[in-house]
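Participant:
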Amino acid sequence: NDFIAVVDLGKSMNINKIELDALQDAGSWIFLPTQVIFEGSKDGIEYKTIKVLDNQISPTIKEKFPKVFSSEEKAKDIRFVRITAKNLGVCPKGHTGEGQAAWLFISEIVIE
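Under the working numbering, the first residue of the sequence shown is numbered 6, with each subsequent residue one higher.
1. DSSP has residue 108 in a bridge; who is on the other side?
2. Buried or exposed, going by whether 16 or more other CB atoms sit within 10 Å of the CB of residue 71?
3. Within 10 angstroms of the Cβ of residue 109, are there 16 or more other Cβ atoms? Answer buried if so, exposed if not.
4. Less than 7 angstroms between the C-beta atoms of residue 64 and residue 25, yes or no?
5. Which value, in whole angstroms, describes the spacing of the CA atoms of residue 84 and residue 59?
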């Protein structure tokens, strides 16, 4: 499944940076998201896209490593931040778990 988080900042503020930390550990069937979407809202109902980041790292890399998806796009008067990380879905061709469900591990969200 995709990861979707909505963070209520408690009051409207200007956003200077958003980060999402993810992990790839193909041996454990854990893969980076294929895409990360950062969105902002004043009311928690209507969201506007702040940044869309496509992952360019191959899911076939066997080493275990973290990756930070980061945006320094400025956004004004934001109270709610929605972060979506798209799951690879299934283990890729040639993987020992080929066709089986892939895991998505998120460790940290930073909003400044």
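For each residue, glycine too, the CB sits at the ideal point set by N, CA and C. These numbers come from a predicted model, not from an experiment.
Facilitator: In short, the structure shows the following:
1. 35
2. exposed
3. buried
4. no
5. 25 angstroms
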